[in-house]
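Visitor: I am attaching a structure below and will ask some questions about it afterwards.
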Amino acid sequence: MSKQQTTTEKRWYVLHTYSGYEDAVAKSLAQRIESLGMEDKIFNVMVPKEKKIKIRNGKKRTVEEKLYPGYVLVEMIVTDDSWYVVRNTPNVTGFVGSGTIPLPVSLDEMLSLKKRVEVEEPKYNIDFSIGDAIKIIDGPFKDSDGKVSGIDKERGKVKVLINMFGRDTPLELDSLQIKKI
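Per numbering that gives the first Met the number 0, residue 0 is the first one in the sequence shown, and the count goes up by one each step.
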C-alpha cells in the first residue's frame with residue numbers, strides 16, 4: 000500500500016460497497032471502530048436513506064429507500080491506520096477517489112444531503128405533467144385510461160379525466176395509483 004495523504008481535519012468520504020450490504024457494512028465498520036479504538040480518527044458512518052410512500056397490496060406504506068445503493072458515507076481523518084481499518088471492512092470494495100487516495104465530499108454536498116435525509120415527512124414522487132396520458136393501476140377504476148388534469152404535490156394527489164359513458168369524468172387519485180402510458 001502506498002502512503003495515504005494524511006489529513007488533520009475530519010471530512011466525509013464515500014465508500015463503495017457490494018450492493019445490498021450497505022447496512023451490514025455500516026454496522027461492521029462501527030464495531031471495528033470501537034474494537035480497534037479508532038474513535039479519534041473515524042467519527043460517523045452513514046447510509047443515506049429517504050422515506051417514500053409506496054402502495055403495496057392496495058395499502059399505502061412508508062418505506063425507507065437508500066439514496067445511493069452501493070455506497071456508505073464515513074466521516075474520518077485519513078491516516079494510514081484509519082484508511083486500512085475502513086478499506087478492509089468486509090464487503091467494502093474501496094473508497095471513491097483516484098487510486099488509493101479517497102476524495103472528500105464537499106461541505107455543500109454534505110449539507111444538502113443531510114437536509115434531505117433529516118426530512119421527517121415521506122416524499123411523494125410525482126413525475127407526471129398536466130396532459131400526460133395515464134393508466135390507472137389500482138382501485139375501482141383499475142385498467143382505465145385517462146389524462147392528467149391537475150397535480151397536488153403536497154398531498155401526492157393527481158386529478159385525472161377518464162372517459163366514462165361518453166364524457167370526461169374527473170377523479171382525484173393517489174399518484175401511486177397511476178402510471179404513464
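Just so you know, even glycine gets a beta-carbon here, dropped at the ideal spot from N, CA and C.
What span of residues does the beta strand (DSSP E) with Tyr-70 cover, start to end?
Guide: Your numbering for residue 70 matches position 71 in the sequence shown. Element bounds for Tyr-70: 70-75.
Visitor: What does a CB cutoff of less than 8 Å around Pro-169 pick up in its chain, not counting 5 residues either side in sequence?
Guide: Working through the sequence shown from its first residue, we reach residue 169 at position 170. These residues qualify, in order along the chain: Ser-148, Lys-158, Val-159 and Leu-160.
Visitor: Give me the DSSP bridge partner(s) of Glu-153.
Guide: Position 154 of the sequence shown holds residue 153. Glu-153 pairs with nothing; no bridge assigned.
Visitor: Distance check for Leu-112 and Asp-151, CA to CA, integer angstroms please.
Guide: Residue numbering aside, residue 151 sits at position 152 when the sequence shown is read from its first letter. Residue numbering aside, residue 112 sits at position 113 when the sequence shown is read from its first letter. About 25 Å.
Visitor: What is the DSSP secondary structure of Met-37, counted as helix, strand or coil?
Guide: Within the sequence shown, the letter at position 38 stands for residue 37. In the structure shown, Met-37 sits in coil (DSSP, three-state: anything other than H, G, I, E or B).
Visitor: At the level of alpha carbons, what is the spacing between Lys-134 and Asp-167?
Guide: Here the question's residue 134 lines up with position 135 in the sequence shown. Here the question's residue 167 lines up with position 168 in the sequence shown. Cα-Cα distance, rounded: 15 Å.
Visitor: Run through DSSP, which three-state label would Lys-146 get?
Guide: Taking the first residue of the sequence shown as 1, we reach residue 146 at position 147. Here Lys-146 sits in strand by DSSP.
Visitor: Less than 7 Å between the beta carbons of Thr-88 and Arg-31, yes or no?
Guide: One-based indexing of the sequence shown puts residue 88 at position 89. One-based indexing of the sequence shown puts residue 31 at position 32. Contact: yes.
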